[in-house]
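Below is one structure, written out as structure tokens; the observations come after it.
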Amino acid sequence: MKKTFANIVAYYYKEWKEFTMPIHHHKAMEIMYVINGKCIVEVQKEKIELKKGTFIFIDSNVPHRLIVDKDSPARMLNVEFNWEENNTSLVSLEDLADRDETIKVWLEKEAIYDVFKDMDQVYPTLRQLVLALDQGATNKQLLIDSLICQLVFHLAHNSMEQREKVDNFQQLYVNKAVQYILEHYDYDIRIHDIAAATHIHPSYLHRIFKQSMDCTINTYIARVRIDKAKMLLKNTEIPITEISNYVGIQTSQYFSMLFRKHTNLTPTAYRQLFLEL
């Protein structure tokens, strides 16, 4: 059975001052840890700000670059490594994944980068790892392996904890959006209105809403309006020509078309079903 191990290929401390790195990519995965100051890391045209005590993990062959402002130098520790087959390490990634489900999930996921806020776990491990590598003695291999195991453990578990926090925050935004729709469906509401009410960008709201609800915002609004219309048709005597106004649809003609699309019945036929009971 194939066994793979983390092989450290480069590591260095560096104080960066007013620097813009060319966009580049490499086979090695990379950890960029901010010890002091702040910087911008651009990953596939997305700019991520890193401050003291935060770091980014960038996957293999992902285009990226470092940007440091002249007024805000940054001291950083960079560690680059590959997953490789070798005969010197004692614990393989497969062994770790077999023993820890979180590590298994992290190794299998397809994210091109992760951003972390360190809770005084990763930097001490990185420092010890770099020191052990610099000393280079053969009797340090067990220490190096144990530190790599710690590093993989912290990366995997921090990624999972962060993902859960992000998911929780995202669900709060989605819940607020749903509440707004349920309370304003009789208006001509737009995505920008809902985004303003939830205090997030429209495109971000659109993305997380679809992930959570398995439909677009406009589709959800239409469903809410049709459900309300069905209730009014069934339980009230409001004229059919007026119901479109009750559910925020501008014209009775468009209302009839939308209602038929969702129910395969005209509003008149739907009401007739319950009059005959």
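Quick note: the sequence shown uses the UniProt record's numbering, first residue 1, plus one each step.
We put the beta carbon where it would ideally sit given N, CA and C, even for glycine.
Query raised in the report: Using the beta-carbon count (16 or more within 10 Å), is residue 225 buried or exposed?
Result: On the sequence shown, position 225 is the one that residue 225 refers to. With 16 or more other Cβ atoms within 10 Å, it is buried.
Report task. Can you grab the Cα-Cα spacing for the pair residue 244 / residue 54, in whole Å? Result -> Within the sequence shown, the letter at position 244 stands for residue 244. Within the sequence shown, the letter at position 54 stands for residue 54. Taking the straight line from one Cα to the other gives about 52 Å.
Report task. Compare the C-alpha of residue 272 against each of 234, 159, 70 and 13 and name the closest. Result -> Looking up residue 272 in the sequence shown gives position 272. Nearest of 234, 159, 70 and 13 to residue 272, Cα basis: 234.
Query - Separation of residue 108 from residue 141, as counted between CA atoms - result: Locating residue 141 in the sequence shown gives position 141, counting from the first residue. Locating residue 108 in the sequence shown gives position 108, counting from the first residue. Counting only the Cα atoms, residue 108 lies some 26 Å from residue 141.
Query - Rounded Cβ spacing between residue 35 and residue 77 (contact assumed at less than 8 Å) - result: Residue numbering aside, residue 35 sits at position 35 when the sequence shown is read from its first letter. Residue numbering aside, residue 77 sits at position 77 when the sequence shown is read from its first letter. Confirmed, about 6 Å.
Query raised in the report: Roughly how far, in whole angstroms, is the beta-carbon of residue 96 from the beta-carbon of residue 152, given that I think they are within contact range, below 8 Å?
Result: Numbered from 1 along the sequence shown, position 96 holds the residue referred to as residue 96. Numbered from 1 along the sequence shown, position 152 holds the residue referred to as residue 152. About 6 Å; that satisfies the 8 Å criterion.
Query - Bridge-paired residues (DSSP) for residue 116 - result: Translated into positions along the sequence shown, residue 116 becomes position 116. Residue 116 is bridged to 55.
Requested in this report: Less than 8 Å between the CB atoms is what I'm expecting for residue 254 and residue 263, so what's the real figure, rounded?
Outcome: In the sequence shown, residue 254 corresponds to position 254, counting from 1. In the sequence shown, residue 263 corresponds to position 263, counting from 1. So it is not a contact: roughly 15 Å between Cβ atoms.
Query raised in the report: Where DSSP assigns a beta bridge to residue 8, which residues make up the other side?
Result: Looking up residue 8 in the sequence shown gives position 8. According to DSSP, residue 8 bridges with 81.
Query - Whole-Å CB distance - residue 181 paired with residue 191, under 8 Å assumed - result: Stepping through the sequence shown from its first residue, residue 181 is reached at position 181. Stepping through the sequence shown from its first residue, residue 191 is reached at position 191. The distance from the Cβ of residue 181 to that of residue 191 is about 10 Å, inconsistent with a contact at the 8 Å cut-off.
Report task. Please report the Cβ distance between residue 174 and residue 208, rounded to the nearest whole angstrom; I am assuming they are in contact, meaning their Cβ atoms lie under 8 Å. Result -> As a first step, residue 174 must be located in the sequence shown, where it is residue number 174. As a first step, residue 208 must be located in the sequence shown, where it is residue number 208. About 6 Å; that satisfies the 8 Å criterion.
Report task. Check whether the segment 11–18 touches the segment 46–60, counting contact only when three or more Cβ pairs, one atom from each stretch, lie closer than 8 Å. Result -> The segment 46–60 and the segment 11–18 do not touch, with fewer than three beta-carbon pairs separated by less than 8 Å.
**Report entry** residue 79 versus residue 229: straight-line alpha-carbon distance, rounded
**Finding:** Here residue 79 corresponds to residue number 79 of the sequence shown, with the count starting at 1. Here residue 229 corresponds to residue number 229 of the sequence shown, with the count starting at 1. For residue 79 and residue 229, the distance between alpha carbons rounds to 60 Å.
**Report entry** Through-space distance from residue 144 to residue 133, alpha-carbon basis
**Finding:** Taking the first residue of the sequence shown as position 1, residue 133 is located at position 133. Taking the first residue of the sequence shown as position 1, residue 144 is located at position 144. About 7 Å.
**Report entry** When 155, 184, 52 and 267 are compared against residue 105, the one with the closest alpha-carbon
**Finding:** Locating residue 105 in the sequence shown gives position 105, counting from the first residue. In terms of CA proximity to residue 105, 155 leads the group 155, 184, 52 and 267.
Query raised in the report: Are the beta-carbon atoms belonging to residue 4 and residue 85 less than 8 Å from one another?
Result: The residue you call residue 4 lines up with position 4 of the sequence shown. The residue you call residue 85 lines up with position 85 of the sequence shown. Yes, the pair counts as a contact, with Cβ atoms nearer than the cut-off.
**Report entry** Which of helix, strand or coil DSSP assigns to residue 215
**Finding:** Counting from 1 along the sequence shown, the entry for residue 215 is found at position 215. Here residue 215 carries a coil assignment [DSSP, helix/strand/coil].
Query raised in the report: How many angstroms separate the CA atom of residue 117 from the CA atom of residue 185?
Result: Along the sequence shown, one-based indexing puts residue 117 at 117. Along the sequence shown, one-based indexing puts residue 185 at 185. A straight line joining the alpha-carbon of residue 117 with that of residue 185 spans about 40 Å.
Query raised in the report: What is the DSSP secondary structure of residue 43, reduced to helix, strand or coil?
Result: For this step, residue 43 is matched to residue 43 along the sequence shown. In the three-state reduction of the DSSP assignment, residue 43 falls in the strand class, which pools E and B.
**Report entry** N-terminal and C-terminal residue of the alpha helix (DSSP H) that residue 275 is part of
**Finding:** Within the sequence shown, residue 275 is the residue found at index 275, counting from 1. For residue 275, the enclosing alpha helix (DSSP H) stretches over residues 267–275.
Query raised in the report: Under three-state DSSP, which class holds residue 64?
Result: Indexing the sequence shown from 1 puts residue 64 at position 64. Residue 64 falls in the strand class under three-state DSSP.
Requested in this report: Work out the CA separation of residue 37 and residue 74 for me, nearest whole Å.
Outcome: Along the sequence shown, one-based indexing puts residue 74 at 74. Along the sequence shown, one-based indexing puts residue 37 at 37. Going from the Cα of residue 74 to the Cα of residue 37 covers about 4 Å.
Query raised in the report: Going by C-alpha distance, which of 227, 49, 111 and 220 is nearest residue 246?
Result: Position 246 of the sequence shown holds residue 246. Taking only the C-alpha atoms, the option nearest residue 246 is 227.
Report task. Would you identify the three-state DSSP class for residue 24, choosing helix, strand or coil? Result -> Here residue 24 refers to the residue found at position 24 of the sequence shown. Residue 24 falls in the strand class under three-state DSSP.
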